[in-house]
Amino acid sequence: SSDVCSSDLGAAAEHADAERAVTERASTGCAAEASSTLVSEIRDILVEALGIVRNEAGLLRAKEALDGLLNRNGLNEKERNRIYLAQALVMSARFRRESRGAHFREDFPERDDDFKGIIVAEMTDRPTDHANIEIGILL
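Position 67, counted from 1, in the sequence shown is what our numbering calls 583; the numbers after and before it change by one each time, with no gaps.
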């Protein structure tokens, strides 16, 4: 039998559909490897979008990338929660349409006291296809 963990998912999909390849990887004890890859992907998305200089276009790209990760088959609850948290961070950054402290928006370079306070993200339910997250300001 071949080493499923080290095989390329694309190569596995050549002789079986991708859905079965993902399931086979997870069932052979490769979940930690898959989760590590997901964490790296989330980190890369957030580093790109949530650096010191931010803008709406970059935050939208991050949202779309995270939505794509969430649509993957075979995610476990911990992986989904990591994506939900990343989504909340990106949504919070999009919500704050100002520059304040280390949060600099190229498209909103001025400070706006309407955003003074702590941005709060709250998940209102736990759907499987996307996070229903509400954003507000705690004064």
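We treat Cβ as the ideally placed atom computed from N, Cα and C, and that holds for glycine.
What you are looking at is a predicted structure, and each value in this text was computed from that prediction instead of being measured.
Just to confirm my understanding: we take residue i, look at its own chain, exclude 5 residues before and 5 after, and list those with CB closer than 6 Å. What are they?
| i | result |
| --- | --- |
| A625 | Reading off the sequence, residue 625 comes out as Pro, not Ala. Closer than 6 Å at Cβ, skipping near neighbours: S615. |
| D560 | none |
| K632 | none |
| V538 | Confidence at V538 is low in this model, with a pLDDT of 49, below 50, so its placement is unreliable and the value that follows should be read with caution. Counting only Cβ-Cβ distances below 6 Å, and skipping sequence neighbours, we find N589, G590. |
| I634 | L654 |
Give the DSSP-derived three-state secondary structure of residue i in the structure shown.
| i | result |
| --- | --- |
| D599 | A small fix is needed here, since residue 599 is Ile in this sequence, not Asp. Note: I599 maps to helix in three-state DSSP. |
| I649 | strand |
| E549 | helix |
| E562 | Checking the sequence shown, residue 562 turns out to be Leu, not Glu. Note: L562 maps to helix in three-state DSSP. |
| A637 | strand |
| L654 | strand |
| R577 | helix |
| R612 | coil |
Report buried or exposed for residue i, applying the criterion of at least 16 other Cβ atoms within 10 angstroms of its Cβ.
| i | result |
| --- | --- |
| E638 | exposed |
| R598 | buried |
Does the beta-carbon distance from residue i to residue j come in below 9 Å?
| i | j | result |
| --- | --- | --- |
| E595 | S551 | yes |
| A609 | L575 | yes |
| R611 | I568 | Contrary to the premise, residue 611 reads as Phe rather than Arg in this sequence. Cβ atoms of F611 and I568: not closer than 9 Å. |
| L562 | A604 | no |
| I649 | M607 | yes |
| R621 | N571 | yes |
I'd like the list of long-range same chain contacts for residue i, defined as Cβ closer than 8 Å, with 5 residues on each side in sequence excluded.
| i | result |
| --- | --- |
| A618 | I568 |
| E564 | G574, R577, A578 |
| T640 | N648, I649, E650 |
Thinking C-alpha only, which one of the options is nearest residue i?
| i | options | result |
| --- | --- | --- |
| D630 | R613, V636, F620 | R613 |
| L582 | V636, E549, Y600 | Y600 |
Near residue i, what residues of its chain come up, given a Cβ to Cβ distance below 7 Å and the 5 sequence neighbours on each side ignored?
| i | result |
| --- | --- |
| D623 | N571, E572 |
Are the C-beta atoms of residue i and some chain C residue less than 9 Å apart?
| i | result |
| --- | --- |
| D628 | Considering every chain present, this structure includes no chain C. It has just one protein chain. |
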